[in-house]
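Numbering (the numbering used here), first residue to last: 63 to 265.
Each residue gets a CB set at the ideal place from its N, CA and C atoms; glycine is no exception.
Source: prediction; values computed, not measured.
Here's what the structure looks like:
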């Protein structure tokens, strides 16, 4: 995992901890503002989480896509004021409650970055034209690591307080979220739903 300080405010003791999805990069979230500290966790080629959270008095967790699965497992002993999931489940890869294992395996084998970006952003693609991505080879490695990680036992005791689901999601099946969570907030957005918001605090 890599850690990036998206927003630093020495006058605030509050943190918004963001677990990105597969292929996420700090450039993808630059449009979102906040008066709090905002830290992005991304790049899941390595799945060791090393970041000191002790200096913050209040921490909000926002996790996106496969980041919901990763956060559910690596943050199980940390207390949050609120946990928000966007287009993902704690299972990540699952026949009913995640991306189907066969579909995920096929994505690894035939991964195409151009096609992925088209599905990720859909009609929002022009707003994402300057976003940075790793090359296809490294992204394939990240997919492989996530597949291996998600096959381990899921932490179902990690309770999410607010869950968003995009109606136009072509990557993470909306039915997987419906099968996992009892209450969803629906957005008329593609899988990458962050253009719906202008600030981190309104999520």
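Checklist entry - Under three-state DSSP, which class holds residue 98? => result Against the chain shown, residue 98 aligns to sequence position 36. Here residue 98 sits in coil by DSSP.
Next on the checklist: Since residue 63 and residue 103 should fall inside the 8 angstroms C-beta cutoff, what is the C-beta to C-beta distance between them, to a whole number of angstroms?
Outcome noted: One-based indexing of the chain shown puts residue 63 at position 1. One-based indexing of the chain shown puts residue 103 at position 41. Right, the Cβ-Cβ distance comes to about 5 angstroms (below 8 angstroms), so this counts as a contact.
Next on the checklist: On the DSSP letters alone, give me the boundaries of the alpha helix (DSSP H) that residue 188 sits inside.
Outcome noted: Your numbering for residue 188 matches position 126 in the chain shown. Residue 188 -> no alpha helix (DSSP H), and no H or E assigned at all.
Item to check | Heavy atom of the ligand SAH within 6 angstroms of residue 165 beta-carbon | outcome: The ligand content of the structure shown is nil, which means the ligand SAH is not present either.
Checklist entry - So is residue 168 buried or exposed if we call it buried at 16+ other beta carbons inside 10 Å? => result Taking the first residue of the chain shown as position 1, residue 168 is located at position 106. So residue 168 ends up on the exposed side.
Next on the checklist: Can you list, in chain order, the residues of its chain with a C-beta nearer than 7 angstroms to that of residue 97? Leave out the 5 residues immediately preceding and following it.
Outcome noted: Here residue 97 corresponds to residue number 35 of the chain shown, with the count starting at 1. For residue 97, where only same-chain residues beyond five positions count, the Cβ hits under 7 angstroms are 71 and 74.
Next on the checklist: Can you find the residues in the same chain that come closer than 6 angstroms, C-beta to C-beta, to residue 147, ignoring five residues on each side of it along the sequence?
Outcome noted: The residue you call residue 147 lines up with position 85 of the chain shown. Closer than 6 angstroms at Cβ, skipping near neighbours: 125, 130, 222 and 225.
Next on the checklist: Between 195, 119, 121 and 135, which has its C-alpha nearest residue 85's C-alpha?
Outcome noted: As a first step, residue 85 is located in the chain shown; it is residue number 23 there, counting from the start. For the residues 195, 119, 121 and 135, the minimum Cα distance to residue 85 belongs to 195.
Checklist entry - Between the Cα of residue 212 and the Cα atoms of 65, 140, 66 and 157, which residue gives the shortest distance? => result Taking the first residue of the chain shown as 1, we reach residue 212 at position 150. Closest by alpha carbon: 157.
Checklist entry - Does the Cβ of residue 255 have 16 or more other Cβ atoms within 10 Å, making it buried, or fewer, making it exposed? => result The count along the chain shown starts at 1 and reaches residue 255 at position 193. So residue 255 ends up on the buried side.
Checklist entry - If you pair each beta-carbon of the region 179-194 with each one of the region 237-244, do three or more pairs fall below 8 angstroms? => result no
Checklist entry - When DSSP labels each residue in this structure, what does residue 74 get in the three-state scheme? => result Locating residue 74 in the chain shown gives position 12, counting from the first residue. Correct three-state label for residue 74: coil.
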